[in-house]
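Trainee: Read in order, the letters of the sequence shown are residues 1 to 284 in this note's numbering.
All C-beta atoms, glycine included, are put in the ideal place defined by N, C-alpha and C.
The structure follows.
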Amino acid sequence: MTMRIVVTGSSGKLGMPVLRDLIQHGHQVVPIDVRAHDDPALPPTLVMDLKTAGQLVRVMEGADAVCHLANYPYFGRVEPTEGYANNVCATFNVCHAAWQAGVRRIVNASSIQAYGCFGNYPHPPLYLPLDEDHPLLPRDAYPLSKAESEFIVASFVRRDPRISAFSLRFTAIAATDRHRPKTDNPARRVANMAGSLLTFVPVSEAARAVRLCCLAEHSGHAALNIVAPQSASPWTPQMLQQTYNCVPPFRRPLGPTDPLIACERARDMIGFVSRLSAEQAAPR
C-alpha cells in the first residue's frame with residue numbers, strides 16, 4: 001500500500017535516511033524541517049518552525065501518517081529550558097495538527113533516555129534487561145522532554161481511538177551502517193555503558209523501524225525499544241558496577257554480547273529485528 005507520509009525533522013541525522021527509505025519503498029513523503037536539505041533526489045523541504053506552525057494542519061491534510069523526528073536529539077548546544085520547550089511544544093503541535101487533519105498514524109521518535117538511566121543525572125535500572133515496562137524516571141530536562149512527548153502522543157490516542165501511535169525509544173544511532181559506537185579501550189566502553197548500556201542501532205535500521213511502524217496493524221499507543229540484538233562490545237558486571245555503583249538484578253540470564261536493553265517487543269509488534277550485527281556495522 002502506498003502511503004502519504006509527513007516527516008518532521010526531515011533534514012536531520014535520522015530524517016534523511018527515513019525519507020530515502022520511504023521513497024525506496026514507494027511511499028510519497030512530505031519533508032518538514034527548520035532548514036532545507038540539499039539532496040536534489042528528494043522532494044523539497046517545507047521550511048517551518050513547529051513551535052509556531054499555523055499552516056501545519058493544511059500540510060497534514062490527506063496524509064496517512066506522520067513521522068515526528070523533529071526534536072533536539074540532545075541539549076548539549078542549547079539551554080535546557082529551550083530544549084525542553086522546543087521538544088514538548090513541537091510534539092504537541094504535530095499531534096494536534098495530525099488530529100485536526102484526520103491523520104490516523106503517528107510515529108514519534110523517543111529515546112532510551114526517557115527511562116532516566118542515562119545522561120547527567122542517571123539512576124540504576126531497576127532490572128535488566130531494560131524493557132518497555134520499566135518505569136520512566138527522568139531527572140533531567142532532555143529525558144523529561146522525551147517522556148513528556150510520549151505522554152502527549154498517548155493523550156491524543158486516548159482522545160481519538162481512530163488514531164494509533166508508536167513511540168520509538170531509540171538507543172545510540174550509529175551515524176552510518178559502517179560505524180558503531182567506538183569501544184576500542186576500557187574508558188570508552190565505560191562511557192558507552194553510561195550512555196546506552198553498550199547498545200546501538202545502525203541508522204538505516206532505525207529508518208526501517210520507522211517505516212514498519214507506519215505500516216503495522218496496530219491500535220492504541222505502544223512504546224518500543226529500537227536496539228540491535230547484539231551489544232557493540234561485550235559487557236561485564238564490573239562495568240555495570242563502575243557505571244551505577246551497583247549491579248542491577250537480572251530478570252533472565254544474558255550472555256556478554258546480549259543487549260542489556262530488550263528488543264523483543266519491536267520484533268513481536270512490527271517485525272523489526274536489526275539486520276546488522278555489531279561486526280557487520282563496524283568500520284571496514
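For T257, collect the residues of the same chain with a Cβ closer than 7 Å to its Cβ; drop the 5 residues on either side in sequence, then sort them by chain order.
Mentor: Q230, S231 and P234
Trainee: Using 10 angstroms around the beta-carbon of H25, count the other beta-carbons present and answer buried if the total reaches 16, otherwise exposed.
Mentor: exposed
Trainee: For T45, which residues of its own chain have a beta-carbon under 8 Å away from its beta-carbon, when the five flanking residues on both sides are left out?
Mentor: Once the five neighbours on either side are set aside, the close Cβ partners of T45 are S10, S11, P31, I32, D33, R35, A36 and H37.
Trainee: Using 8 Å as the threshold, is the C-beta distance between L144 and Y84 below it?
Mentor: yes
Trainee: Are the Cβ atoms of L136 and A147 separated by less than 8 Å?
Mentor: Yes, the pair counts as a contact, with Cβ atoms nearer than the cut-off.
Trainee: Could you compute how far the alpha carbon of F193 sits from the alpha carbon of S204?
Mentor: What sits at residue 193 in the sequence shown is Met, not Phe. Distance between the alpha carbons of M193 and S204 is about 23 Å.
Trainee: Can you look up V18 in the DSSP assignment and give me helix, strand or coil?
Mentor: helix
Trainee: If contacts are defined as beta-carbon pairs under 8 Å, then I261 and V210 qualify, I think. What distance do you get, rounded to the angstrom?
Mentor: Contact flag wrong, Cβ pair sits at about 18 Å.
Trainee: So the candidates are Y121, P125, V157 and E217; which of them puts its Cα closest to the Cα of F250?
Mentor: P125
Trainee: Kindly indicate the opening and closing residues of the alpha helix (DSSP H) around C89.
Mentor: From DSSP, the alpha helix (DSSP H) with C89 extends over P80 to A101.
Trainee: Could you round the C-beta distance between E82 and A114 to whole angstroms and report it? I think they count as a contact, below 8 Å.
Mentor: With a Cβ gap of about 19 Å, E82 and A114 do not count as contacting.
Trainee: Would you check if the distance between the CB atom of I163 and the CB atom of C67 is smaller than 8 Å?
Mentor: Cβ atoms of I163 and C67: not closer than 8 Å.
Trainee: Relative to the C-alpha of G116, which residue among A90, F272, V103 and G195 is closest?
Mentor: G195
Trainee: Entirely within the segment 238-275 and at least 4 residues each: give me those alpha helix (DSSP H) ranges in chain order.
Mentor: Within the segment 238-275, the complete alpha helix (DSSP H) runs of at least 4 residues are 264-270.
Trainee: Here's a check: name, in chain order, each residue in its chain whose Cβ is nearer than 7 Å to the Cβ of C95, leaving out the five neighbours to either side.
Mentor: I106, I152, V153 and F156, listed in sequence order.
Trainee: Nearest-angstrom Cα distance between C213 and I270?
Mentor: When rounded, the distance between both Cα atoms is 6 Å.
Trainee: Taking the beta carbon of R178 as the centre, do at least 16 other beta carbons fall within 10 Å, making it buried, or is it exposed?
Mentor: Since pLDDT at R178 reaches only 47, below the 50 mark, its modelled position is unreliable, and no value is offered.
Trainee: Can you tell me which of the three DSSP states P283 falls into?
Mentor: For P283, the pLDDT reaches just 38, beneath the cut-off of 50, and the residue's location in the model is therefore unreliable, leaving the point undetermined.
Trainee: Give the DSSP-derived three-state secondary structure of T8 in the structure shown.
Mentor: The answer is strand: DSSP assigns T8 an E or B state.
Trainee: Measuring alpha carbon to alpha carbon, tell me which of G119, H221, M60 and I112 ends up nearest H329.
Mentor: Since the first residue shown for the chain is 1 and the last is 284, residue 329 is missing from the structure and cannot be characterised.
Trainee: For L312, which of D49, R208 and F170 has the nearest alpha-carbon?
Mentor: Nothing about residue 312 can be read from this structure; the chain reaches only from 1 to 284.
Trainee: List the DSSP bridge partners of D33.
Mentor: V47
Trainee: When you compare only the Cα positions, how much space is there between N225 and T2?
Mentor: Just so you know, the alpha carbons of N225 and T2 end up roughly 26 Å apart.
Trainee: Once the 5 residues before and after A141 are set aside, which same chain residues still bring their CB inside 7 Å of it?
Mentor: F75, P80, G83 and Y84
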